[in-house]
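Single-structure report; data block below.
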Amino acid sequence: MSDSETASNQCNTAALGKVPGIQKVPTPRMELYILRNFLTPEECARFVEKIDADRRPSTIADPNGDNYFRTSETCDMRADDPEVVALDERLSALSGIDLQFGETMQGQRYAVGQEFKAHTDYFEPQGQDFTRYTTVGGQRTWTFMIYLNEPEAGGATRFKTIGKSIQPEIGKLLAWNNRRPDGSCNPATIHHGMKVREGTKYVITKWYRERPWRL
Ligand SMILES: O=C(O)CCC(=O)C(=O)O
Ligand SMILES: [Fe+2]
Numbered sequence: 001m002s003d004s005e006t007a008s009n010q011c012n013t014a015a016l017g018k019v020p021g022i023q024k025v026p027t028p029r030m031e032l033y034i035l036r037n038f039l040t041p042e043e044c045a046r047f048v049e050k051i052d053a054d055r056r057p058s059t060i061a062d063p064n065g066d067n068y069f070r071t072s073e074t075c076d077m078r079a080d081d082p083e084v085v086a087l088d089e090r091l092s093a094l095s096g097i098d099l100q101f102g103e104t105m106q107g108q109r110y111a112v113g114q115e116f117k118a119h120t121d122y123f124e125p126q127g128q129d130f131t132r133y134t135t136v137g138g139q140r141t142w143t144f145m146i147y148l149n150e151p152e153a154g155g156a157t158r159f160k161t162i163g164k165s166i167q168p169e170i171g172k173l174l175a176w177n178n179r180r181p182d183g184s185c186n187p188a189t190i191h192h193g194m195k196v197r198e199g200t201k202y203v204i205t206k207w208y209r210e211r212p213w214r215l
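Counting in full-length UniProt numbering, the sequence shown runs from 1 upward without gaps.
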């Protein structure tokens, strides 16, 4: 059997749910987990340095006419950086999803006034760019996101359908399934990276796909 036949593209939620300290947000609408102190402040600081050193304006999959929809900056983490590889491996071990299903790890940086308005992480099946974005790797499945710092004000991640806002806390990991149990896209996962009011916000984002993904 080839690696792609043995490797799992499924999140092992039974194992994830048993990780010491992990909380499952109590809602029937989506699977969302919170794990505080996943990274140490020292580890977070190293990733903040990497993001500061190499960033570009963030983009969105289906431009919607709102040029202020996602105003942050993005860093594509280098796949040849041993600290990036190590974090990728830790995330993969946590989820059970094999490395080959992961997109390039990214960092996001929000200065005062910057945000990512309410969106879902899956590609809109009706969107104009759906084929382009899903030809390699297929649809997005899980999102793993880590807050690398705590801005002085603002910058929460708000899941409006489930009525939950999550505050940035250094080293805190969020993990959610962008799909329903039947595998369809789950609109209840809509979330808003809210405006930073004071300070700067840094996060790591790691998205997984249905099929192997590569650059
Ligand atoms: O910054 C946040 O709180 C959310 C980021 C996000 O939703 C994304 O990058 O897809
Ligand atoms: Fe998102």
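Cβ atoms here follow ideal geometry from the backbone N, Cα and C, with glycine treated the same way.
Sheet register partners of residue i (DSSP bridge)
i: methionine 145; result: Leu174 and Thr205
i: aspartate 76; result: Gln106
i: threonine 157; result: Ile166 and Gly193
i: lysine 24; result: Tyr33
i: glutamate 210; result: BP columns for glutamate 210 are empty, so no partner.
i: arginine 180; result: Answer is none; arginine 180 lacks a bridge partner.
i: phenylalanine 116; result: Arg70 and Gly193
i: glutamate 198; result: Ala153
Reference residue i, options the options, closest by Cα
i: glycine 210; options: Glu198, Arg70 and Cys185; result: It is worth fixing the name first, because residue 210 is glutamate in this sequence and not glycine. It is Cys185 whose Cα lies nearest to the Cα of glutamate 210.
i: alanine 14; options: Thr157, Pro28, Ala7 and Tyr33; result: Tyr33
i: residue 217; options: Pro212, Val25 and Asp80; result: With the chain represented from 1 up to 215, any question about residue 217 goes unanswered, as that position is not in the structure.
i: isoleucine 97; options: Ala156, Asn177, Leu35 and Glu124; result: Asn177
i: isoleucine 204; options: Lys195, Gly183, Ile170 and Arg180; result: Ile170
i: residue 218; options: Met194, Asp129, Gly163 and Thr135; result: Within the shown structure, residues of the chain are numbered from 1 to 215, placing residue 218 beyond reach of any answer.
i: residue 238; options: Arg132, Ser72 and Thr27; result: In the structure as shown, the chain starts at 1 and stops at 215, and residue 238 therefore has no counterpart that could be examined.
i: lysine 18; options: Leu87, Leu94, Ala153 and Tyr68; result: Leu94
i: threonine 120; options: Leu148, Thr157 and Gly102; result: Thr157
i: methionine 30; options: Val112, Thr143 and Leu39; result: Thr143
i: asparagine 37; options: Asp182, Gly199 and Ile146; result: Ile146
i: threonine 40; options: Pro181, Trp207 and Lys172; result: Lys172
i: asparagine 67; options: Ala86, Ile22 and Gln114; result: Gln114
i: arginine 214; options: Glu198, Ser8 and Thr135; result: Thr135
i: glycine 199; options: Asn149, Phe159, Arg180 and Gly163; result: Asn149
i: serine 165; options: Tyr202, Ala118 and Tyr208; result: Ala118
i: proline 168; options: Arg70, Arg197 and Gln100; result: Arg197
i: cysteine 11; options: Leu99, Ser58, Ala79 and Gly21; result: Leu99
i: threonine 27; options: Trp207, Ala153 and Gly163; result: Gly163
i: serine 58; options: Pro20, Arg179, Leu174 and Arg70; result: Arg70
i: tyrosine 202; options: Arg179, Gln23, Leu16 and Thr74; result: Thr74
i: arginine 179; options: Arg140, Pro212, Ala7 and Trp207; result: Arg140
i: proline 212; options: Asp81, Tyr122 and Gly102; result: Gly102
Closer than 9 Å to chain B by CB, residue i
i: glycine 17; result: Annotation note: the requested chain B is absent from the structure, which comprises a single protein chain.
Looking at C-beta atoms only, is the number of pairs between the segment 34–53 and the segment 180–192 that lie closer than 8 Å three or more?
Taking 8 Å as the limit for Cβ pairs, the verdict is that the segment 180–192 does not touch the segment 34–53.
For the pair the segment 105–115 and the segment 49–66, tell me if three or more CB-CB distances fall below 8 Å.
With the cut-off at 8 Å, the segment 105–115 and the segment 49–66 touch.
Between the segment 126–135 and the segment 57–71, do three or more beta carbon pairs fall short of 8 Å?
Yes, since at least three Cβ pairs between the segment 126–135 and the segment 57–71 fall closer than 8 Å, the two stretches touch.
List in chain order the residues whose CB is within less than 6 Å of at least one heavy atom of ligand 2.
Listed along the chain, these residues meet the criterion: His119, Asp121 and His191.
Note down, one range per segment and in chain order, each beta strand (DSSP E) of at least 3 residues found wholly within the segment 42–89.
Counting only runs of 3 or more, we get 73–76.
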